[in-house]
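> A single structure is presented below for examination.
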Amino acid sequence: METFGFLVHPMDINDVTKKYKIANKINPKVVASVLKRRRPFVISEITGIKSITGKEAMGWFIIVPFLPHQFYDLDQDYVIEKIAKACEIGRKEGAGIIGLGAFTAIPGDGGRVVDNLSKVPITTGNTYTVATAIEGAVEAASRMEIDISAATLAVVGATGSIGSAATQVLADRVGEVVLIGRDQKKLTNLSEQVKAKNKHVKTSTSVSSIRSADIIITVTGAANTVIDPDDVKPGAVICDVARPRDVAELVVKRRKDVLVIDGGIVKVPGQVDIHALTGLPKGTALACMAETMMLALEGKYESYSIGKDISLDKVNETLAFAKKHGFKLAGLRSFEKKLSDAYINKVRENAGIKMAAIR
Ligand SMILES: NC(=O)c1ccc[n+]([C@@H]2O[C@H](COP(=O)([O-])OP(=O)(O)OC[C@H]3O[C@@H](n4cnc5c(N)ncnc54)[C@H](OP(=O)(O)O)[C@@H]3O)[C@@H](O)[C@H]2O)c1
Numbered sequence: 099m100e101t102f103g104f105l106v107h108p109m110d111i112n113d114v115t116k117k118y119k120i121a122n123k124i125n126p127k128v129v130a131s132v133l134k135r136r137r138p139f140v141i142s143e144i145t146g147i148k149s150i151t152g153k154e155a156m157g158w159f160i161i162v163p164f165l166p167h168q169f170y171d172l173d174q175d176y177v178i179e180k181i182a183k184a185c186e187i188g189r190k191e192g193a194g195i196i197g198l199g200a201f202t203a204i205p206g207d208g209g210r211v212v213d214n215l216s217k218v219p220i221t222t223g224n225t226y227t228v229a230t231a232i233e234g235a236v237e238a239a240s241r242m243e244i245d246i247s248a249a250t251l252a253v254v255g256a257t258g259s260i261g262s263a264a265t266q267v268l269a270d271r272v273g274e275v276v277l278i279g280r281d282q283k284k285l286t287n288l289s290e291q292v293k294a295k296n297k298h299v300k301t302s303t304s305v306s307s308i309r310s311a312d313i314i315i316t317v318t319g320a321a322n323t324v325i326d327p328d329d330v331k332p333g334a335v336i337c338d339v340a341r342p343r344d345v346a347e348l349v350v351k352r353r354k355d356v357l358v359i360d361g362g363i364v365k366v367p368g369q370v371d372i373h374a375l376t377g378l379p380k381g382t383a384l385a386c387m388a389e390t391m392m393l394a395l396e397g398k399y400e401s402y403s404i405g406k407d408i409s410l411d412k413v414n415e416t417l418a419f420a421k422k423h424g425f426k427l428a429g430l431r432s433f434e435k436k437l438s439d440a441y442i443n444k445v446r447e448n449a450g451i452k453m454a455a456i457r
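Take any residue in the sequence shown, count from 1 to its spot, add 98: that is its number in the working numbering.
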């Protein structure tokens, strides 16, 4: 049996109150303050992962008790120390590799400092996340009859680890690229690299620049949503890879002419159920979790996706691991629900009516 650990954290205060009812009656600031003092702990043992090769894996999900904003606001040494402690808990349980989930993968240069401190190999899971984000965005665009070769692709959080790799892979497949981030200097550096693949590159520090895009991949490290209903043009596809999410739920409620999909939801081979822990449907996992599971199934107990620069060769390697072990994209989903053909057709129809009306 191959083994792994995976670090998770509450996405918001509701995740805490779901587990500790008493927290409902307490000021959220006090809850956050109590949380930050808590030690990491094992929340669940995950079994039932069975590769189509016949190999099996099991793992431990370990909570790092911080809310998203605390990963940025608290002293970075303290944050990294707690993440490293969680890795050590996983090692003692018997994990051969540890995946750093959501914001646990961001501090210390994208897991590099944690990797130096940890006695067990680690991975951020970002490599397979890039592969699945692209797969999902391309599939959704095709369902919306978007001609990818002529389309404008906007990447929000383009200067980040996942954002920059996704941009580099897709740049020469689309008509135009809009890079959106907070730091103009980083955006200019990235656009110089992207120009080698596509001359039509723009940069922006304003999320409203997604208004010109047909395909949007959004993958910021923001603690709150960054995309609102009025930001998007009719007929656009948004692939939201961020956890916590970048797209406000209001976008799906109000914009019936825009297709919003969850990035990086993967069908896991075997009989795995992490719904109670993550809200994800039975048999599925986030791509970063899936990458950790695949590395365990491969017996590849070495640090894999570390730091901010993702190897594009490794993106293809993770796709090969996925094929070998039977992991695949879990169809098109939005806010955890599977999107039916009828729903997608309706979105396309709504977008067509609106686009015709604008003309
Ligand atoms: N779905 C999955 O399976 C999966 C897997 C792994 C990670 N993720 C999620 O993907 C996201 C990004 O991860 P990453 O490792 O690529 O992070 P990263 O390397 O830190 O990149 C984050 C990007 O977001 C930008 N950003 C940060 N805070 C922002 C804010 N408040 N408003 C606008 N932009 C902001 C950063 O800009 P600066 O350069 O200016 O800081 C950077 O461009 C996270 O939400 C993570 O949880 C999802």
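Glycine residues also receive a C-beta, built at the ideal position from the N, C-alpha and C atoms.
Please tell me whether Ser401 and Asp213 are closer than 7 Å, where the distance is taken between their beta carbons.
Yes, they are a contact pair.
> If you follow the beta strand (DSSP E) that Glu434 is in, where does it begin and where does it stop?
Segment: none, Glu434 is in no beta strand (DSSP E) and carries neither H nor E.
> Give me the Cα-Cα distance between Lys412 and Ile124, rounded to the nearest whole angstrom.
Their backbone Cα atoms lie some 46 Å apart in a straight line.
> At which residue ranges does the segment 117-197 contain complete beta strand (DSSP E) runs of 3 or more residues, listed in the order of the chain?
Fully enclosed beta strand (DSSP E) runs of 3 or longer: 139-148, 154-161.
> What are the boundary residues of the alpha helix (DSSP H) that includes Ala238?
Ala238 -> alpha helix (DSSP H) spans 224-241.
> Nearest-angstrom Cα distance between Ser131 and Thr323?
Cα-Cα distance, rounded: 23 Å.
> Taking Gly163 as the reference, which of Lys117, Asp329, Thr416, Ile372 has the closest Cα?
It should be noted that the sequence gives Pro, not Gly, for residue 163. Closest by alpha carbon: Lys117.
> What does the Cβ neighbour count give for Asn443, buried or exposed, with the cut at 16 atoms within 10 Å?
Asn443 should be labelled exposed.
> Please give the ranges of any beta strand (DSSP E) in the segment 372-441, keeping only runs that are unbroken, at least 3 residues long and fully inside the region.
Segments of the beta strand (DSSP E) lying fully in the segment 372-441: 382-384.
> Are the segment 368-380 and the segment 324-344 touching, with three or more C-beta to C-beta distances below 8 Å?
Verdict: no, contact absent.
> Entirely within the segment 323-356 and at least 4 residues each: give me those alpha helix (DSSP H) ranges in chain order.
If we require 4 residues or more, the alpha helix (DSSP H) runs fully inside the segment 323-356 come out as 347-352.
> For Ser259, verify whether its CB is less than 6 Å away from any heavy atom of ligand 1.
Flag set: Cβ of Ser259 near ligand 1.
> Among all the DSSP beta bridges, which residues are the ones paired with Ser302?
Beta-bridge pairing links Ser302 to Ile278.
> If we count the other Cβ atoms within 10 Å of its Cβ and call it buried at 16 or more, is Asp360 buried or exposed?
By the 10 Å Cβ count, Asp360 comes out buried.
> Based on Cα-Cα distance, which residue from Asp175, Thr250, Val106, Phe104 lies nearest to Val335?
The candidate whose alpha carbon is nearest that of Val335 is Thr250.
> Is the separation between the beta-carbon of Thr382 and that of Ala420 shorter than 7 Å?
Going by C-beta atoms, Thr382 is not nearer than 7 Å to Ala420.
> Since Ile363 sits in a beta bridge, which residues does DSSP pair it with?
Answer is Leu384.
> So, is Glu65 buried or exposed, given that buried needs 16 or more other C-beta atoms within 10 angstroms?
In this structure the chain extends from 99 to 457, so residue 65 is not present and cannot be described.
> Grouping DSSP H, G and I as helix and E and B as strand, with all else coil, what is Ala256?
Correct three-state label for Ala256: coil.
> Suppose you measure from the CA of Arg241 to the CA of Leu430; what does that come to, to the nearest Å?
Roughly 10 Å separates the two Cα atoms.
> Does the beta-carbon distance from Val445 to Leu357 come in below 7 Å?
For Val445 and Leu357, yes; Cβs fall inside 7 Å.
> How many angstroms separate the CA atom of Ser310 from the CA atom of Val330?
So the alpha carbons of these two residues sit roughly 8 Å apart.
> Any heavy atom of ligand 1 closer than 6 Å to the beta-carbon of Val106?
No; taking the cut-off as 6 Å, the Cβ of Val106 has no heavy atom of ligand 1 nearer than that.
> Just verifying my parser: in three-state terms, what is the DSSP assignment at Val106?
Strand.
> Using 10 angstroms around the beta-carbon of Thr286, count the other beta-carbons present and answer buried if the total reaches 16, otherwise exposed.
So Thr286 counts as exposed.
> Examine ligand 1 and report whether any of its heavy atoms sits within less than 6 Å of the Cβ of Val177.
No; taking the cut-off as 6 Å, the Cβ of Val177 has no heavy atom of ligand 1 nearer than that.
> State the Cα-Cα distance for the pair Phe224 and Glu233, rounded to the nearest angstrom.
Strictly speaking, residue 224 in this sequence is Asn, with Phe absent from that position. Cα-Cα distance, rounded: 14 Å.
> Between the Cα of Ala193 and those of Ala264, Ala155, Gln291, Ala229, spot the shortest distance and give me the residue it belongs to.
Here the closest residue by C-alpha is Ala155.
> Quick one: residues in its chain with C-beta nearer than 7 Å to the C-beta of Ile246, no 5 flanking neighbours on either side, listed in chain order?
Counting only Cβ-Cβ distances below 7 Å, and skipping sequence neighbours, we find Val236, Ala239, Arg271, Val272.
> What is the DSSP secondary structure of Gly199, counted as helix, strand or coil?
Reduced to three states, the DSSP call for Gly199 is coil.
> Which term fits Arg457, buried or exposed, when burial requires 16 or more other beta carbons within 10 angstroms of its beta carbon?
Any reading at Arg457 is ruled out, since the residue's pLDDT is 40, under 50, leaving its predicted position unreliable.
> Going by the CB atoms, is the gap between Ala182 and Ile160 shorter than 7 Å?
Not a contact, by the Cβ cut-off of 7 Å.
> On the premise that Val299 lies in contact with Leu277, defined as a C-beta separation below 8 Å, what is that separation, rounded to the nearest angstrom?
Confirmed, about 7 Å.
> Can you find the residues in the same chain that come closer than 6 Å, C-beta to C-beta, to Ala263, ignoring five residues on each side of it along the sequence?
So the list reads Val228, Ile408, once near-sequence residues are dropped.
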